[in-house]
């Protein structure tokens, strides 16, 4: 669902992102510092009040990106 598409709002996928961070760390030898989410998802996570759960993931920054589609994320270093 998506607020932009008039179908409701998404909740922040905390467990999915935790798993992605774990996989990234195993593959790269260090944990990611930046989570990149789509602008559409950022609106949904803010409206659903679930964005604060991202703060508990140990990331330095959460960045919005217009080039990502809803549901896509990227993890990267600074």
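In the numbering used here, the protein residues as written are 29 to 106.
We treat Cβ as the ideally placed atom computed from N, Cα and C, and that holds for glycine.
Residue i - partner residues in DSSP beta bridges
i: residue 104; result: 62
i: residue 89; result: 62
C-alpha distance - residue i paired with residue j, whole-angstrom precision
i: residue 71; j: residue 59; result: 26 Å
i: residue 52; j: residue 99; result: 18 Å
i: residue 83; j: residue 97; result: 22 Å
i: residue 106; j: residue 92; result: 15 Å
i: residue 73; j: residue 57; result: 29 Å
Proximal residues to residue i (C-beta, below 8 Å), its chain only, five neighbours per side dropped
i: residue 48; result: 101 and 103
Extent of the continuous alpha helix (DSSP H) run through residue i
i: residue 72; result: 67-75
i: residue 44; result: 42-56
Residues near residue i by beta carbon distance below 6 Å, same chain, minus five either side
i: residue 42; result: 81
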